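For what it's worth, numbering that gives the first Met the number 0 labels the leading residue of the sequence shown as 0, then goes sequentially.
The beta-carbon is built from N, C-alpha and C at its ideal position, and this holds for glycine as well.
These figures come from a predicted structure and were not determined experimentally.
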Amino acid sequence: MNILVKFTIPFLAIMVSCDSSKNDALVKGTNEHLTAVTSAIDDQVLANAKNDSKNWLSYGLNYSENRFSQLEEVSEGNVDKLGLLWSYDLNSIRGVEATPVVVDGIMYVTAPWSIVHAIDTRTGKQIWTYDPMVPRETGIKACCDVVNRGVALYKGKIFFASLDGRLISLDAATGTKVWEQVTLDTTKNYTITGAPRVFKGKVIIGNGGAEYGVRGYITAYDAESGAQVWRWYSVPGNPDEAYEQPELEMAAETWDPSGKYWELGGGGTMWDAMAYDPELNLMYVGVGNGSPWNRRLRSPGGGDNLFLSSIVALDPDDGRYKWHYQETPGDHWDYTATQSLILADLEIEGSKRKVIMQAPKNGFFFVVDRTNGEFISAQNFVDVNWASGYDDKGRPMELEAAEYKSAAYEAIPGPNGAHNWHPMSYNPNTGLVYIPAQGIPVVFEDDPNWVANSRASGGFMSGTGWNTGALGSAVPPQSPIFGHLLAWDPVKQKAAWKVEHIGPWNGGTLSTAGNLVFQGSADGRFVAYNATNGNKLWEVPVGTGVVAAPVTYLVDGRQYVSIAAGWGGSYGMSAHHTESQSPGKIYTFSLGGKTPMPELEIPEPKPIVSGIAYDPKDIGAGTKLYISHCIMCHGVPAVGNGGNIPNLGYADKNKIENLKTFVLTDALKELGMPNFSSKLTEDDLTKIQAFIQGTADAVSSQIAASR
Ligand code: CA
């Protein structure tokens, strides 16, 4: 092709323009080139992505979302020659959860605060950025950091959602806004962190907020005009009003109206996973947890509370319900079913089955028939203590202690899940699913004094609007905190191998035909493993913990591998495992890459705060206030080394003495620190100070005693 275009003979030029690779004739990186290559991404190209891994065209690589690349230039035999081509600074130390989308070497990736970057992967240079100017006070509505998981690309347009709930279409060549739709009820505590998907010309986007009392829904918009096409609710609304969809009548039978669940919304937000089977014309979506978490408050008479914690199949044309499978009936523990959904064709007991697979928070690996929702199998992939297993009909056999009715209960897995949003991948060559598995136990207690939208009970994060109805107990969990890369055989329902990590909250996975699995780690490494046996083959330090998943693609015939590094997310806000905490970066590697890795700044460890006068009598009240307002972002003072938000146990003394300057004003608004003046008084801050200094003193004396 390149030889052809050098000729200027008219008939050859016509041949060139008819050829599918006509874009070679355009100068790489120009607007015309960007328009041409991105405009070519239509339904047919997206459907064919399962057979063609040249580009990374959508969040999960293809409609099946398997994150398995057929590229094999980089393989188990040569991956040790992988070297850096370039790194690109995202200028933020907040969490980076995005999977980049790449077409013909043009990368589109989102950064904290929903900022979109278009990057030329041939040079590592910025083409354009788009900042939707998210009001920083939105941060308090986001349970789990100001993250964004990525964009969708379709017919020359980029689609992404801002944290504050706008679905935005941009011209892929220039980054100019084409249309914008507010997709949320902005009077409620909804946010969006997920990547939209485009199925059949419709941009589909969910939302989050089930910790804050909202009702989950997803909406489809026409990609061209931005007009709303359909909306689907996952839980019933007020039974005195007409249900929006017929199946909500069936769902309402599984809720007890004496709980007035519709007043807090009921939850069921669909904030991450989707997949699509064009042959069956079914799209799949994972539904989140109940709101409040405590089911006795949400639905006092019990019931399954459909469609919480379910996989649901919808018709992408009109959003009509087709089937559901509920993984955690009557969710009581924040066990969302929003984790990666992967479509595969597996041979199970002698017959070929079209399946959908998920390893949700509840710790069981599910294989379900995607044509009709029939349960095939479920097996726990980590230790669990809430259910002893699943019966033949696909119902969990719950254990009594998990009720947390009369006694505190250490939930294994905890609400961060045995696997969270960090994408898993499925390699059809090895037959294995690669799961970033983990354990972060939390002790639950009943919250009998709970009042909706109130901090009266002093419960976990209630002062920021969290409505869990369950208390985070002062009793520390006894079971291990861990993270590992788990290779799981979905047919045998058992582990093939695993690699232990230093802790939980590691990156998503990518698997390739080069018999490789790539994963970034919480302790700041980007690693390649042998996909068959888990042997480590290559690693490089990236300066910050990694939570996002890597991608791979071809640029001018060469295979590139990219990772968006940047520690953060719910667990990452208050704890980290790296010595340094570099700002988020995109790193891109290829065989023989010779660029030196950027120098890492390793700051001096900060001393534990000391010398603040306080009345020890205030510590008890200060503890409650701190747990109600501060702990989710700032962690436990002087315990751990902080995450991407400062740990107040290492703050300067004068800052803690002048808390009101930061807490009761807009001083740190641009960093996302809310103004708590309507929620906390100066007297409250005196008590919080006592808790911070009291805890710091206790930690200091423990350290001294251990020396
Ligand atoms: Ca949740």
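Straight-line measurement puts the Cα of P328 at about 11 Å from the Cα of M396.
Shortest gap from the CB of A527 to any heavy atom of ligand 1: 7 Å or more. Put simply, of M249, I157, D271 the residue whose alpha carbon is nearest the alpha carbon of A209 is D271.
Distance between G138 and Y211, taken at the CA atoms: about 13 Å.
Each of S309, W231, L89, D330 was checked against the Cα of Q244, and the nearest Cα belongs to W231. With distances taken between CA atoms, S609 lies nearest to P636 out of T587, P636, P597. Ligand 1 never approaches A141 closely enough for any of its heavy atoms to be under 7 Å from the residue's Cβ.
Between Q325 and S309, the CB-CB gap stays under 8 Å. Assigned with DSSP and collapsed to three states, G267 falls in coil, not helix or strand. Taking all protein chains in view, the Cβ of P604 is surrounded by fewer than 16 other Cβ atoms within 10 Å, so the residue is classified as exposed. For V442, the number of other beta carbons within 10 angstroms of its own is at least 16, and it is reported as buried.
By the 16-neighbour rule on beta-carbons within 10 angstroms, G388 is exposed. Listed in chain order, the alpha helix (DSSP H) runs fully inside the stretch 283-339 are 294-297, counting runs of at least 4 residues.
When C-alpha distances from N426 are compared across P99, L345, G193, T128, the shortest belongs to L345. For the pair G123 and T543, the CB atoms are not nearer than the 8 Å cut-off. A contact is defined here as three or more CB-CB pairs under 8 Å, and the stretch 184-191 fails this definition with respect to the stretch 65-73. Counting the other Cβ atoms within 10 Å of the Cβ of S376 gives 16 or more, which makes it buried. Only residues of its own chain outside the window of five on either side were considered, and among them S57, Y58, V100, I157, F158, F159, A194, P195, R196, V197, V202 have a CB closer than 8 Å to the CB of A151, listed in chain order. Secondary structure within the stretch 493-540: the beta strand (DSSP E) runs of 3 or more consecutive residues, fully enclosed, are 493-499, 508-511, 515-519, 524-529, 535-540 (chain order). A residue is called buried when at least 16 other Cβ atoms come within 10 angstroms of its Cβ; G507 meets this threshold and is buried. Cβ-Cβ separation between Y570 and N415: approximately 5 Å, consistent with a contact (criterion under 8 Å). Distance from the C-beta of A209 to the nearest heavy atom of ligand 1 is below 7 Å. Annotation note: the stretch 37-108 contains the following uninterrupted beta strand (DSSP E) runs of length 3 or greater, listed N- to C-terminal: 81-88, 100-102. Taken through DSSP and simplified to helix, strand or coil, R352 comes out as strand. Nearest to Q688 by C-alpha distance, out of F675, E656, G82, is E656. In the structure shown, the three-state DSSP call for L663 is coil. A distance criterion of 7 Å places the beta-carbon of N288 in contact range of ligand 1, judged by its closest non-hydrogen atom.
Its chain contains R454, S627, H628, K678 as the residues whose beta carbon lies nearer than 6 Å to that of G462, once the 5 sequence neighbours on both sides are disregarded; these appear in chain order.
DSSP places T694 within a helical segment (H, G or I) once states are collapsed to three. Counting every other CB atom within 10 Å of its CB across the protein chains shown gives T29 a total below 16, marking it as exposed. Annotation for D651 indicates a beta carbon at 7 Å or more from all heavy atoms of ligand 1.
Taking the Cα positions, L398 is about 28 Å away from Y433. Put simply, the backbone Cα of A110 is about 8 Å away from that of G94.
Taking 4 residues as the shortest admissible run, the stretch 608-651 contains the following complete alpha helix (DSSP H) segments, listed from N- to C-terminal end: 618-628, 630-633. Between A410 and W385, the gap from beta carbon to beta carbon is short of 8 Å. Taken from the Cβ of D390, every heavy atom of ligand 1 lies 7 Å or farther away.
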